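J.:
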Amino acid sequence: MFSLLKYAKNYRKELILGPLFKLFEAIFELLLPICMARLIDQGINQQHRPAILFYGGLMLLMSVIGLGCVLICQYYASVASQGFGTELRKEMMHKINQFSHKELDEVGTSTLVTRMTNDINQLQLALAMLIRLVIRAPFLSIGSIIMAFYIDPQSAVIFLIVLPLFSLLLYIIIKRTVPLYKNVQQTIDHLNEDVAENLSGVRVIRSFAKTHDRETQFIAISNNLANAYIRVANWSANLNPLTTFMMNSAVIALLYFGGLSVNSGRLQQGDVLALINYMTQMLLALIVVSNLVVIFTRAAASNQRVMAILAIEPVIQTDNHSNDTSWQADSAIKFTNISFRYTEKSGAALQNISFSVKKGQTLGITGPTGSGKSTLVDLIPKFYTATSGTITINNHPIDDYTTGELRQHIAVVPQVSQLFSGTIRSNLLLGNPKATDADCLKALTIAQCDDFVLNLANGLDEPVQARGKNFSGGQRQRLTIARALVAQPDILILDDSLSALDYKTDLALRQALKTQLSKLTLIIVSQRMSSIEHANSILVLDDGREVGLGTHHELLENSIVYQKLVQSQQQTTTKGGE
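Residue numbers for the sequence shown follow full-length UniProt numbering, beginning at 1 and rising by one.
(1) Do you know how far the Cα of serine 388 is from the Cα of asparagine 536?
(2) Counting C-beta neighbours from all protein chains within 10 Å, is the total for lysine 345 16 or more, i.e. buried, or is it exposed?
(3) If we ignore side chains and look at the alpha-carbon of each, how far apart do threonine 109 and arginine 510 end up?
(4) Give the DSSP-derived three-state secondary structure of proline 433 in the structure shown.
(5) Which word fits glutamate 14, buried or exposed, when buried means at least 16 other C-beta atoms lie within 10 angstroms of its C-beta?
(6) Whole angstroms is fine: what's the gap from leucine 20's alpha carbon to leucine 127's?
(7) What three-state label does DSSP hand alanine 487 in the structure shown?
(8) If you reduce the DSSP assignment to three classes, tell me which class glutamate 546 lands in.
(9) Please classify lysine 334: does DSSP put it in a helix, a strand, or coil?
(10) Going by Cα to Cα distance, which pick from Ala137, Leu286, Ile174 is closest to leucine 163?
(11) May I ask which residues mark the beginning and end of the beta strand (DSSP E) holding phenylalanine 54?
(12) Could you check what DSSP says for asparagine 526 in three-state terms: helix, strand or coil?
(13) Under three-state DSSP, which class holds threonine 216?
(14) Could you give the distance in angstroms between the alpha-carbon of glycine 258 and the alpha-carbon of glutamate 91?
(15) What do you reckon, are the CB atoms on isoleucine 538 and glycine 364 nearer than 7 Å?
(16) Using DSSP with H/G/I as helix, E/B as strand and the rest coil, what is threonine 369?
(17) Could you check how far apart the C-beta atoms of glutamine 217 and aspartate 194 are, in whole angstroms? I think they sit under 8 Å.
(18) Which one of Ala447, Ile131, Pro463 has the shortest CA to CA distance from glutamine 477?
(19) Per DSSP, what kind of secondary structure is alanine 26 in: helix, strand or coil?
(20) Return yes when at least one heavy atom of the ligand FMN lies under 6 Å from the C-beta of threonine 362, else no.
(21) Skipping 5 residues on each side, what residues in its chain have a beta carbon closer than 6 Å to that of leucine 225?
(22) Drop a sphere of 10 angstroms on the beta-carbon of valine 416, count the other beta-carbons inside from all chains shown, and report buried for 16 or more, exposed for fewer.
(23) Compute the Euclidean distance between the alpha carbons of asparagine 320 and threonine 402, then round it to the nearest angstrom.
(24) To the nearest whole angstrom, what separates the beta carbons of aspartate 152 and serine 261, a pair I think is in contact under 8 Å?
(25) Quick check on DSSP: helix, strand or coil for alanine 348?
(26) Buried or exposed for glycine 66, please, with buried defined as at least 16 other CB atoms from any protein chain shown within 10 angstroms of its CB.
(27) Note down, one range per segment and in chain order, each beta strand (DSSP E) of at least 3 residues found wholly within the region 142-222.
(28) Can you name the start and end residues of the beta strand (DSSP E) that isoleucine 393 belongs to?
(29) As a quick exercise: from Gln418, Thr436, Phe24, Val377, pick the residue whose alpha carbon is nearest that of arginine 407.
(30) Return the first residue and the last residue of the beta strand (DSSP E) that alanine 411 is part of.
(31) From the DSSP output, read off the bridge partner residues of leucine 492.
(32) Quick test of your reading: alanine 250 and isoleucine 158, contact by CB under 8 Å. State the CB separation rounded to the nearest angstrom.
(33) Which first and last residues belong to the alpha helix (DSSP H) in which asparagine 118 is found?
(34) Take the Cβ of histidine 409 as the centre, count every other Cβ of all protein chains shown within 10 Å, and call the residue buried at 16 or more, exposed below.
(35) My understanding is that threonine 521 touches aspartate 490, with C-beta atoms under 8 Å, so please give their C-beta distance in whole angstroms.
(36) Since leucine 88 and leucine 130 are thought to touch, with beta carbons under 8 Å apart, how far apart are those beta carbons, to the nearest angstrom?
Below you can see the structure in the form of structure tokens.
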């Protein structure tokens with residue numbers, strides 16, 4: 001955890017003053033039993049009113065001052081721990097935003113969510129406890145023994161007997177529960193992954209009537225988590241009764257030997273009560289120490305998980321280096337012998353792909369499902385980096401450009417239409433905050449969605465729910481295309497983002513792109529032949545390999561894969577017409 005304390009550097013005052021005020025409170029707490037003993041022995045037993053008022057007033061004063069110290073410490077602990085958590089989340093989000101798709105695929109979304117929430121919460125709790133108790137608890141334990149020796153060295157021997165026995169008990173319980181807590185954390189990760197998977201794929205699950213199977217799987221994981229918590233609780237539950245037994249045994253021993261000492265005149269009654277108080281303070285402080293060990297152990301596991309994310313170096317660096325390459329208006333793209341694999345152990349997703357597309361031209365990319373179409377276009381904006389080969393834009397390798405510069409000039413409309421909660425306007429301005437209403441309306445017109453947007457009650461200010469669920473699939477696709485156009489890119493990639501449009505709207509959109517944005521370099525990924533048949537050239541992929549490149553008519557003559565794709569759609573259309 002200490003490796004992450006740099007994110008609490010803005011809270012040095014709270015980190016220093018918090019424990020200091022808690023230390024003052026602990027000092028007052030150690031002095032209270034002595035004052036109580038004097039109150040009993042010199043005041044109550046001797047019916048000496050001034051002593052009663054003096055020591056009673058002194059105890060009240062120390063209690064009030066101690067309360068003030070506690071409140072100040074609690075405030076500092078809250079400020080520092082919450083501030084620390086906020087700074088750490090900011091850093092994690094900044095790091096995650098630098099990840100390429102490769103790192104996001106490897107780590108997983110649900111794991112990132114767990115580490116940004118549950119793990120950082122554990123670290124926040126540990127820091128708060130560090131400020132509140134890490135000095136106070138050991139100080140009280142040691143201070144209680146010292147004060148016991150100050151009152152009566154013979155009775156203090158009982159403290160030295162109880163201390164190792166109680167410490168051994170705590171050690172056994174901690175040793176058993178720490179691995180169990182780690183298992184709980186892993187099971188929580190598994191549960192979160194299953195929940196995320198079920199929620200994101202609920203429609204598919206229902207379409208295959210697998211709701212019961214998924215519920216059964218979820219219940220099994222939930223039972224595993226419950227059993228993991230029960231195993232922890234079974235051990236932790238032993239702590240309180242055993243602690244109570246030891247505490248009561250120690251108090252009985254102090255009462256017995258203290259009573260003998262009182263009868264012999266070696267001790268007074270107040271001294272015995274003070275010893276009992278110190279014994280209680282010591283044992284309670286040790287329980288706090290044991291809880292701190294558990295908290296810090298869990299925080300150490302969370303620390304490793306958070307550090308593992310922060311230590312990841314993205315294979316594609318995001319805007320953290322400068323270069324002298326300036327973007328030119330050519331917008332020509334060239335792939336030369338490009339190969340790609342997602343991991344070193346996985347098979348090649350792309351093999352020796354070569355093609356070029358000039359400024360203002362349209363390239364269509366097609367092929368069977370799983371042929372590598374989306375993977376290929378993800379290489380252009382550097383979502384992934386090619387395993388081998390060269391990609392150039394404007395005759396410069398794409399590595400000469402920062403990712404920010406590339407993505408400023410390249411807009412990608414992915415397969416899944418993602419809208420964010422807000423308004424239509426806020427979604428359109430995502431890639432170009434300075435765009436005017438005229439820019440937005442132009443983009444909406446080209447994307448063929450001005451008809452329904454302008455008819456909405458609030459127009460551009462119409463609310464958009466999370467993931468755009470208050471719009472149809474076709475409307476979402478057109479709005480995401482409009483959002484890409486508002487960014488005024490030089491290169492537009494439509495990754496199967498025309499699939500929800502009818503043929504008429506599809507044609508109108510492509511014609512608008514050609515006539516109104518004639519200088520735009522357009523790449524259309526689609527299995528719908530009508531969407532790409534008029535492209536300047538069409539790239540055909542099959543199992544990650546290039547099996548055809550040319551115009552629609554050329555491919556009909558020399559590409560068997562393309563011929564089969566066209567024939568299958570013609571047969572589907574014919575059957576649909578029947």
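All C-beta atoms, glycine included, are put in the ideal place defined by N, C-alpha and C.
All values reported here derive from a predicted model rather than from experimental measurement.
T.: Based on what the coordinates show:
(1) Roughly 27 Å between the two C-alpha positions.
(2) With fewer than 16 other CB atoms across the displayed protein chains lying within 10 angstroms of its CB, lysine 345 is exposed.
(3) When rounded, the distance between both Cα atoms is 35 Å.
(4) Proline 433 falls in the coil class under three-state DSSP.
(5) Flag for glutamate 14 reads buried.
(6) Taking the straight line from one Cα to the other gives about 15 Å.
(7) Coil at alanine 487, not helix or strand.
(8) In the three-state reduction of the DSSP assignment, glutamate 546 falls in the strand class, which pools E and B.
(9) Three-state result, lysine 334: strand.
(10) Looking at the Cα atoms, Leu286 is the closest of the given residues.
(11) For phenylalanine 54, there is no enclosing beta strand (DSSP E); the residue is found in the alpha helix (DSSP H) stretching over 49-98.
(12) This sequence places serine at residue 526; asparagine is not what is there. Of the three classes helix, strand and coil, the one that applies to serine 526 here is coil, per DSSP.
(13) In the structure shown, threonine 216 sits in a helix (DSSP, three-state: H, G or I).
(14) So the alpha carbons of these two residues sit roughly 58 Å apart.
(15) Their beta carbons are under 7 Å apart, which means isoleucine 538 touches glycine 364 by this criterion.
(16) Note: threonine 369 maps to coil in three-state DSSP.
(17) With 8 Å as the limit, glutamine 217 and aspartate 194 qualify as a contact, their Cβ atoms being about 7 Å apart.
(18) Per the C-alpha coordinates, the member of Ala447, Ile131, Pro463 positioned closest to glutamine 477 is Ala447.
(19) Assigned with DSSP and collapsed to three states, alanine 26 falls in helix.
(20) Absence of the ligand FMN from the depicted structure is noted, as is the absence of any ligand whatsoever, leaving it without description.
(21) Closer than 6 Å at the Cβ level, and outside the excluded window around leucine 225, lie Thr187, Leu191.
(22) It counts as exposed.
(23) Confidence at asparagine 320 is low in this model, with a pLDDT of 43, below 50, so the placement of that residue is unreliable and no value is reported for it.
(24) Yes, they are in contact, since the Cβ atoms of aspartate 152 and serine 261 sit about 7 Å apart, within 8 Å.
(25) In this structure, alanine 348 counts as coil in the three-state DSSP scheme.
(26) By the neighbour-count criterion, in which 16 or more other beta carbons inside 10 Å mark a residue as buried, glycine 66 falls on the buried side.
(27) Whole beta strand (DSSP E) segments, 3+ residues: zero.
(28) Residues 388-393.
(29) The candidate whose alpha carbon is nearest that of arginine 407 is Val377.
(30) Element bounds for alanine 411: 410-413.
(31) Answer is Ala411, Leu522.
(32) By a beta-carbon distance limit of 8 Å, alanine 250 contacts isoleucine 158. Their separation comes to about 6 Å.
(33) In this chain, asparagine 118 is not harboured by any alpha helix (DSSP H), its DSSP state being neither H nor E.
(34) Burial call: buried.
(35) Sure, about 6 Å apart at Cβ, within 8 Å.
(36) With a Cβ gap of about 15 Å, leucine 88 and leucine 130 do not count as contacting.
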